[in-house]
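S.K.: Quick one: this structure, given as structure tokens, is what I'll be asking you about.
Protein chains in written order, with the numbering used here: chain A, 667 to 781; chain B, 203 to 314.
So, in structure tokens, the structure goes:
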């Protein structure tokens with residue numbers, strides 16, 4: 667079975683540029699989570715969706731960050747304009763309430779470097 | 203001032219020995235706990251979970267122990283292998299919240 671798919675795996679961009687990260691959750695999963703991981707702050711939840719609807723975006727750092735989930739099989743995290751402090755690994759995870767427990771399954775991550 | 207980077211606790215064990223990784227969780231209302239393993243360059247990978255109505259759960263070579271009185275979780279790995287070298291995170295949540303709160307992680311290094 668395909669796991670969570672993220673693209674690109676690596677992104678290097680210059681400060682001020684727009685960055686779009688993509689995620690395809692596991693088929694049948696109806697909850698999707700975006701995380702950011704840095705050495706300074708560890709794993710941080712940015713936003714999560716349930717049935718394509720954003721439920722909690724309190725972790726989104728600022729207005730430069732936005733996330734969408736237009737359908738059950740695709741989500742994007744956009745940073746505009748990007749800044750060097752946004753450099754991190756961004757993970758997407760998905761889960762389903764159909765299982766008895768809400769185990770989240772993570773994608774391989776996108777390593778973002780903003781110069 | 204700016205805080206320094208996270209200082210991950212580290213654990214080094216000899217190949218074949220047992221490993222015990224500890225985690226103190228923060229929310230006494232948490233009722234579901236998960237251990238994740240993260241290898242270099244990869245996303246966190248589910249290892250084992252436990253509900254708050256249990257105090258022990260065993261998997262293949264791994265055992266999770268939960269002590270709700272002191273809000274402590276541990277992961278025991280039997281006969282540790284080189285492939286077990288990774289950062290291990292505990293995560294907690296409540297069924298109603300559905301959001302995971304991750305600990306800072308422990309770096310496990312298996313020595314030959």
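Cβ atoms here follow ideal geometry from the backbone N, Cα and C, with glycine treated the same way.
(1) So what does residue 307(B) bridge to, in DSSP terms?
(2) Contact defined as beta carbons within less than 8 Å: I believe residue 754(A) pairs with residue 670(A). What is the distance between those atoms, to the nearest angstrom?
(3) Mapping the DSSP letters down to three states, classify residue 233(B) as helix, strand or coil.
(4) Which residues in chain B sit within 7 Å of residue 775(A), going by Cβ to Cβ distance?
(5) Excluding the five sequence neighbours on either side, which residues of its own chain have a C-beta within less than 8 Å of the C-beta of residue 313(B), listed in chain order?
(6) When the distance is taken between beta carbons, is residue 701(A) closer than 8 Å to residue 757(A)?
(7) Determine, using beta carbons only, whether residue 679(A) comes closer than 8 Å to chain B.
(8) Identify which residue in 283(B), 277(B), 269(B) has its Cα closest to the Cα of residue 228(B).
(9) Is it right to say residue 676(A) is buried, meaning 16 or more other beta carbons lie within 10 angstroms of its own, or is it exposed?
(10) Rounded to the nearest angstrom, how far is the Cβ of residue 715(A) from that of residue 743(A), given a contact under 8 Å?
(11) Go through the stretch 692–740 of chain A residue by residue and report every complete run of the beta strand (DSSP E) that reaches 3 residues or more, in order.
(12) Would you kindly work out how many angstroms separate the C-alpha atoms of residue 233(B) and residue 222(B), rounded to a whole number?
M.R.: On the basis of the supplied data:
(1) Paired residues: none, contrary to the question.
(2) Wrong, their Cβ atoms sit about 18 Å apart, outside the cutoff.
(3) coil
(4) 245
(5) 214, 215, 216, 217
(6) yes
(7) no
(8) 269(B)
(9) exposed
(10) Wrong, their Cβ atoms sit about 11 Å apart, outside the cutoff.
(11) 697–704, 708–716, 719–722, 731–737
(12) 22 Å
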